[in-house]
Amino acid sequence: MKNIQLVTRACLRLVFTAGIIGIFCPEVGAQHGVQTGHLSNLGWSQRFQPANISQGDYQKFRYTAGGEGWLGNSDFVLAGIFSNNGYINEATKNRLLDQIKGSVDMAGGYTLDLANVNVKLGGLTMAFGLNTSLHANAHIGQANTLGLLLRGNKPFAGQTVSDDELALSTSQLRTFSAGLGWQNAKLRLGGRLQIHQGVRHFSSEKVMFALFTDSEGLEVNLDADYALVGTGSRKGFFQFDGIGASLDLGAAYQISDKMEVDVAANGLGWMSWKGNRVSGDVNVDWEGISIVSLLEDSVPAVIADQVDSLKTLVFPDTASTSWGLPTGSNFRLGFRYSLSEKSELGFTLLYAPFRSGVYTPIPVLGLAYQHEVIQGLKLGGNAYFGGSDRYGVGAMATYGFQAGPVKVNLLAGSDNLLGILLPTIGRGMSAYGGLGVDF
Amino acid sequence: MRRLLVLSFFVLAIAGCRFRPDDSPSWDTDLTAPLLKSRISLEDVLQDSSVVQVNGDNSVDVVFRDTLVDLRLSDYLVVPDTSFEAKITLQTISLATDTLTQDITLGQIARQLRDQGNALGQTLLDNHGQTLFFFPGVNGVSSDDVAIDASQFFDEADLLTGWMVVEIENKLPVGITNVTFHLRNNGVLTDTLVRKTITNINPGQTKKDSADLAGKTVESAMAAKLETIDVASGINVPIDTNDYIRLRIIVKDLTASRATAVFPSQTVIDDASRINYNFGNDLVITRMRARSGQLRINAISTIQDTIAFIYSLPTTIKDGRPVVVIDRLVPDTVNGFSTANILFDLDDYYIDLTLNGDSVNLFPYRLIGNLLYSGRKNTMDLNDSIDLSYGLFDIIPAYIEGYLGTETFTFTDSIDMGFFGGVLGGYLNLSNPKVDLTLINSIGVDGKLKVNRMDAVNTRTGQTVSLNGAITQNPTEVRGPRLPNVGQSVVSKINLNRNNSNISQFISNLPDRVEFDMEVDVNENGNPALKDNFATDFSRLSAYLDIEVPLEGVAEQLLLQDTFNLNLGDAALPQGVSEGTLKLVVDNGFPVQAKVQIYFQSESGVVVDSLFEYGGQFVEPGILNTNGMVQTPGRSVLSSFFTPERLDRLRDDARKAIVRFSISTRPAYQELKFYTTYGIDFHVVGDFKYTVGLK
Numbered sequence: 502m503k504n505i506q507l508v509t510r511a512c513l514r515l516v517f518t519a520g521i522i523g524i525f526c527p528e529v530g531a532q533h534g535v536q537t538g539h540l541s542n543l544g545w546s547q548r549f550q551p552a553n554i555s556q557g558d559y560q561k562f563r564y565t566a567g568g569e570g571w572l573g574n575s576d577f578v579l580a581g582i583f584s585n586n587g588y589i590n591e592a593t594k595n596r597l598l599d600q601i602k603g604s605v606d607m608a609g610g611y612t613l614d615l616a617n618v619n620v621k622l623g624g625l626t627m628a629f630g631l632n633t634s635l636h637a638n639a640h641i642g643q644a645n646t647l648g649l650l651l652r653g654n655k656p657f658a659g660q661t662v663s664d665d666e667l668a669l670s671t672s673q674l675r676t677f678s679a680g681l682g683w684q685n686a687k688l689r690l691g692g693r694l695q696i697h698q699g700v701r702h703f704s705s706e707k708v709m710f711a712l713f714t715d716s717e718g719l720e721v722n723l724d725a726d727y728a729l730v731g732t733g734s735r736k737g738f739f740q741f742d743g744i745g746a747s748l749d750l751g752a753a754y755q756i757s758d759k760m761e762v763d764v765a766a767n768g769l770g771w772m773s774w775k776g777n778r779v780s781g782d783v784n785v786d787w788e789g790i791s792i793v794s795l796l797e798d799s800v801p802a803v804i805a806d807q808v809d810s811l812k813t814l815v816f817p818d819t820a821s822t823s824w825g826l827p828t829g830s831n832f833r834l835g836f837r838y839s840l841s842e843k844s845e846l847g848f849t850l851l852y853a854p855f856r857s858g859v860y861t862p863i864p865v866l867g868l869a870y871q872h873e874v875i876q877g878l879k880l881g882g883n884a885y886f887g888g889s890d891r892y893g894v895g896a897m898a899t900y901g902f903q904a905g906p907v908k909v910n911l912l913a914g915s916d917n918l919l920g921i922l923l924p925t926i927g928r929g930m931s932a933y934g935g936l937g938v939d940f
Numbered sequence: 028m029r030r031l032l033v034l035s036f037f038v039l040a041i042a043g044c045r046f047r048p049d050d051s052p053s054w055d056t057d058l059t060a061p062l063l064k065s066r067i068s069l070e071d072v073l074q075d076s077s078v079v080q081v082n083g084d085n086s087v088d089v090v091f092r093d094t095l096v097d098l099r100l101s102d103y104l105v106v107p108d109t110s111f112e113a114k115i116t117l118q119t120i121s122l123a124t125d126t127l128t129q130d131i132t133l134g135q136i137a138r139q140l141r142d143q144g145n146a147l148g149q150t151l152l153d154n155h156g157q158t159l160f161f162f163p164g165v166n167g168v169s170s171d172d173v174a175i176d177a178s179q180f181f182d183e184a185d186l187l188t189g190w191m192v193v194e195i196e197n198k199l200p201v202g203i204t205n206v207t208f209h210l211r212n213n214g215v216l217t218d219t220l221v222r223k224t225i226t227n228i229n230p231g232q233t234k235k236d237s238a239d240l241a242g243k244t245v246e247s248a249m250a251a252k253l254e255t256i257d258v259a260s261g262i263n264v265p266i267d268t269n270d271y272i273r274l275r276i277i278v279k280d281l282t283a284s285r286a287t288a289v290f291p292s293q294t295v296i297d298d299a300s301r302i303n304y305n306f307g308n309d310l311v312i313t314r315m316r317a318r319s320g321q322l323r324i325n326a327i328s329t330i331q332d333t334i335a336f337i338y339s340l341p342t343t344i345k346d347g348r349p350v351v352v353i354d355r356l357v358p359d360t361v362n363g364f365s366t367a368n369i370l371f372d373l374d375d376y377y378i379d380l381t382l383n384g385d386s387v388n389l390f391p392y393r394l395i396g397n398l399l400y401s402g403r404k405n406t407m408d409l410n411d412s413i414d415l416s417y418g419l420f421d422i423i424p425a426y427i428e429g430y431l432g433t434e435t436f437t438f439t440d441s442i443d444m445g446f447f448g449g450v451l452g453g454y455l456n457l458s459n460p461k462v463d464l465t466l467i468n469s470i471g472v473d474g475k476l477k478v479n480r481m482d483a484v485n486t487r488t489g490q491t492v493s494l495n496g497a498i499t500q501n502p503t504e505v506r507g508p509r510l511p512n513v514g515q516s517v518v519s520k521i522n523l524n525r526n527n528s529n530i531s532q533f534i535s536n537l538p539d540r541v542e543f544d545m546e547v548d549v550n551e552n553g554n555p556a557l558k559d560n561f562a563t564d565f566s567r568l569s570a571y572l573d574i575e576v577p578l579e580g581v582a583e584q585l586l587l588q589d590t591f592n593l594n595l596g597d598a599a600l601p602q603g604v605s606e607g608t609l610k611l612v613v614d615n616g617f618p619v620q621a622k623v624q625i626y627f628q629s630e631s632g633v634v635v636d637s638l639f640e641y642g643g644q645f646v647e648p649g650i651l652n653t654n655g656m657v658q659t660p661g662r663s664v665l666s667s668f669f670t671p672e673r674l675d676r677l678r679d680d681a682r683k684a685i686v687r688f689s690i691s692t693r694p695a696y697q698e699l700k701f702y703t704t705y706g707i708d709f710h711v712v713g714d715f716k717y718t719v720g721l722k
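Okay, here's the thing in structure tokens:
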């Protein structure tokens with residue numbers, strides 16, 4: 502009885518500790534699972550490959566928590582962006598804009614696994630999970646659009662800045678999941694149902710604009726055709742503006758003692774949102790607030806009137822609406838090859854076509870190497886091509902050790918360290934970490 | 028130890044991945060946006076668009092007119108309310124004509140003879156139906172009193188006039204040689220009213236006589252008697268006791284001073300008189316049309332019968348019909364008198380005040396009261412009356428004709444001229460100012476205008492220039508139209524120019540007020556006998572000051588200023604704006620160089636800031652073409668750097684903004700013409716440094 506109490510108390514401490522780590526480290530995680538997708542014996546791999554639900558050396562029960570965060574873009578390196586206390590100076594802006602050749606994709610997000618619990622029941626393994634995630638993606642069609650954001654419109658005086666490819670999407674979800682895994686000697690199968698609560702969403706249905714600024718600043722002309730949908734922000738646990746469900750399916754097949762191939766289709770589902778739709782096809786020729794007679798009018802009153810009119814002109818139509826979007830699906834093909842007892846290679850092909858999740862405008866092709874350097878400590882390195890940031894180089898470490906009746910597993914790593922370690926060449930960065938307890 | 032090292036790595040790795048909030052990217056952007064735009068046109072500068080007249084070549088004249096003198100019909104004539112009271116008593120009381128008939132039979136005569144012991148009486152009675160060979164005749168027979176009851180017509184009457192006609196018809200078989208008719212009161216009074224003797228009435232003949240009842244008092248109970256009837260003798264006289272003598276009494280032409288009677292319909296009042304107006308100032312009116320007004324009649328009658336009365340103003344006519352007011356005074360059985368209150372609108376009625384063409388200020392009226400037959404017996408005497416109050420009230424004439432009298436009207440006043448009000452100082456020499464004194468008279472009367480004083484007052488500089496010249500030295504004749512030219516005007520213009528006045532100095536003083544003292548003498552040479560003056564309510568004798576100033580001349584450091592309220596309230600720089608420059612882009616379409624400054628004042632008038640340093644900045648003039656017109660506006664870009672502290676000072680302290688322009692025509696001292704196309708386009712552009720933060 503006393504042992505049960507001790508175990509229970511230890512479990513609660515671990516859960517609490519994992520929660521604290523998860524809450525304060527929302528940035529850590531894996532962007533594409535180039536490494537973690539191949540950690541088939543550890544719980545973190547299940548999110549990328551549901552077939553791994555059935556994997557693991559624990560007896561009956563396993564708890565895993567962790568998180569990941571990433572950001573990146575397709576064109577410019579991150580040097581100068583996060584240095585100088587985050588202040589981006591003119592040189593950085595100039596270099597950044599020079600590096601943009603055409604359109605640019607930008608992405609960022611995090612996933613925080615608060616709890617992922619596996620329970621073995623005979624030949625089956627069940628998985629229950631709770632996580633929260635945020636995904637933000639943007640596509641900017643013209644470098645000058647970003648130039649407007651970074652420099653303001655004055656440097657573009659006398660020019661027209663236009664963009665008809667703007668696309669924006671941000672989704673924040675709270676997800677409850679339940680899954681099942683099965684395996685035999687060669688084959689592992691897994692599936693998982695996820696119920697999503699939509700906490701916040703904003704996306705563009707269409708955005709096109711052309712902004713002309715007169716050379717003396719006497720006139721600003723905005724020609725825009727846009728449609729945006731968005732919700733408010735729901736912070737309470739039971740508050741949400743969207744609801745949806747998705748299905749994760751995965752399979753892994755052991756070709757030989759050294760080779761294994763796996764496939765997964767994750768996030769096959771649909772989200773339904775409710776909120777507001779703001780749309781307009783506006784052409785505003787703004788020459789300043791027009792005062793009929795500077796000598797006679799009450800200037801503040803005229804300003805207030807005309808600013809109100811301008812708001813109405815730019816934001817002409819707002820209506821309550823509901824809309825649906827596919828969940829952030831991704832499709833994975835993995836291949837693992839054991840070089841020796843302690844080292845192996847992993848290949849990953851990942852494609853995520855929707856901006857509501859991890860978005861890979863170019864499919865990611867990843868290569869990972871893992872080596873157990875000492876008992877329980879595994880180190881790894883990876884490289885990938887594709888995704889939002891086009892390429893990345895990362896490193897990973899896991900460490901597992903026995904702590905009384907439980908085994909503790911730790912995870913830290915990054916799919917892309919370039920933005921952190923070598924921002925002069927890195928276009929993105931990511932980090933992940935986690936804590937697992939096997940009973 | 029090894030485990031500790033590995034654990035430390037993981038902790039450090041996780042901690043190292045965290046971005047501190049301070050690391051969130053931020054950057055500065057340069058934003059430029061037009062904030063305000065405005066155009067100051069020539070009309071804005073003049074501050075009064077109503078005075079701007081655009082000529083065919085788009086040059087501009089300031090055309091100003093204001094009224095110096097305005098004499099109207101109401102200044103001449105105020106029709107006083109008239110109120111008259113009259114007590115109209117009865118002139119006559121007429122009583123109805125009546126006829127009474129009484130027969131005296133032969134049998135009655137026979138019985139009276141018999142009763143007197145005359146055997147003839149019995150003989151006659153016995154021979155009824157027989158023929159009496161010889162009838163000896165009868166003398167001195169009298170009938171009994173015959174009661175006459177006239178109570179159904181009157182109880183008693185004091186007669187002023189009246190006649191009684193007595194007719195005696197002989198239906199006896201023999202003639203009557205003599206008979207005396209005697210009528211007397213047979214009530215309280217017993218006096219004889221009539222005693223008449225008629226002779227020689229043959230059988231079948233009727234004879235009559237009349238008696239004057241004037242001065243008699245007649246009661247309804249009367250007694251009539253035939254006295255001393257003498258009947259002639261005859262042979263073979265058929266005796267029929269039913270034969271008779273018929274007495275017929277006709278009472279007619281009765282008028283009473285007092286009577287209690289059933290009165291017949293009769294006119295009891297017929298009063299005609301006239302209203303005499305006194306308008307004062309020798310004013311003589313022959314004709315007048317009322318735009319509005321009322322006839323008011325209040326009547327109280329003591330007459331116990333209903334009086335239908337007609338009040339008429341025979342010379343007050345509209346659409347060919349005179350004023351006729353018909354109403355009734357119906358007796359109130361409780362109060363014993365009757366009342367009537369009448370209002371009659373006289374709008375658009377013409378009143379002929381000549382009383383058949385030979386008088387003035389007069390018009391007649393007539394009141395007729397008709398007593399209506401009621402069938403009831405009432406008491407009436409000549410003291411009964413109708414108390415009448417009547418009159419014309421609130422008469423506002425629309426037209427008058429006559430002689431309007433001799434009078435002097437004085438006009439001491441001032442007029443404001445706002446279009447120079449914005450000029451605070453400097454030098455302005457206008458090339459060709461034109462000033463007219465325009466006299467327009469549509470009143471049918473002549474007059475003389477005297478300008479005692481006219482001053483151009485510039486309240487900003489405190490300088491006053493008095494008008495000098497012929498117009499202030501001699502009176503000016505003001506002709507009016509003559510009959511029948513009602514509605515026409517006679518216009519006279521007095522041009523003030525450099526030759527006959529100091530008008531150039533007068534205008535160049537840039538007055539914002541003109542003060543004047545003027546007189547109009549009316550009918551100084553008029554002839555009252557002609558009565559040919561007239562006026563309508565639209566008529567005016569007006570004098571206007573007409574100023575026409577072509578905007579052409581030389582200006583040097585002409586100081587224009589205007590003030591507008593400014594309250595930025597809660598306005599502040601948006602969060603993230605660290606500094607900014609307000610850029611004033613001016614496209615000057617005027618051929619003037621202007622020094623621009625805006626002062627910001629506190630509520631108490633203290634200048635807390637100014638837009639520019641060193642008294643302002645210069646705006647370049649527009650560039651002239653060979654025709655002297657601005658072809659290309661002069662562009663000036665004026666900048667003023669604003670820190671957040673400076674904007675906050677404006678927000679907290681500034682409550683008024685004073686815009687000041689110091690204007691000089693360019694090229695210097697060359698006379699330039701101003702066109703309506705001229706204007707200054709202002710653009711206020713904000714150049715701000717805005718810090719974007721992704722916190």
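Going down the list, the sequences are from chains A and B. So the numbering used here is basically just the index in the first sequence, starting at one, shifted up by 501. So the numbering used here is basically just the index in the second sequence, starting at one, shifted up by 27. Glycine is no exception: its CB is placed at the ideal position from the N, C-alpha and C atoms. Remember, it's a predicted structure, so these values are computed and weren't measured experimentally.
Return helix, strand or coil for residue i, following the three-state DSSP convention.
i: Arg689(A); result: strand
i: Gln135(B); result: helix
i: Phe657(A); result: helix
i: Ser663(A); result: strand
i: Asn645(A); result: helix
On the DSSP letters alone, give me the boundaries of the beta strand (DSSP E) that residue i sits inside.
i: Lys908(A); result: 907–915
i: Phe677(A); result: 668–684
i: Gln321(B); result: 311–328
To the nearest angstrom, how far is the alpha carbon of residue i from that of residue j?
i: Pro502(B); j: Thr94(B); result: 18 Å
i: Lys198(B); j: Val221(B); result: 23 Å
i: Val278(B); j: Leu187(B); result: 13 Å
i: Ala932(A); j: Glu640(B); result: 56 Å
i: Gln149(B); j: Val201(B); result: 18 Å
Taking only beta-carbon positions, decide if residue i is within less than 8 Å of chain E.
i: Ile790(A); result: Of the protein chains in the structure, A and B, none is chain E.
Which residue marks the beginning of the alpha helix (DSSP H) containing residue i, and which one marks its end?
i: Asp539(B); result: Run containing Asp539(B): none; DSSP gives neither H nor E here.
i: Lys594(A); result: 591–600
i: Arg678(B); result: 671–680
i: Gln149(B); result: 146–153
Counting only runs of 3+ residues fully inside the segment 740–803 of chain A, write out the beta strand (DSSP E) ranges in chain order.
743–755, 760–787, 790–792
Taking a cut of 9 Å between CB atoms, which residues from the segment 569–603 of chain A lie near chain B?
Gly570, Ile582, Phe583, Ser584, Asn586, Gly587, Tyr588, Ile589, Asn590, Glu591, Thr593, Lys594
Please name the residues in the segment 699–716 of chain A whose beta-carbon is closer than 9 Å to at least one beta-carbon of chain B, in chain order.
Thr714, Asp715
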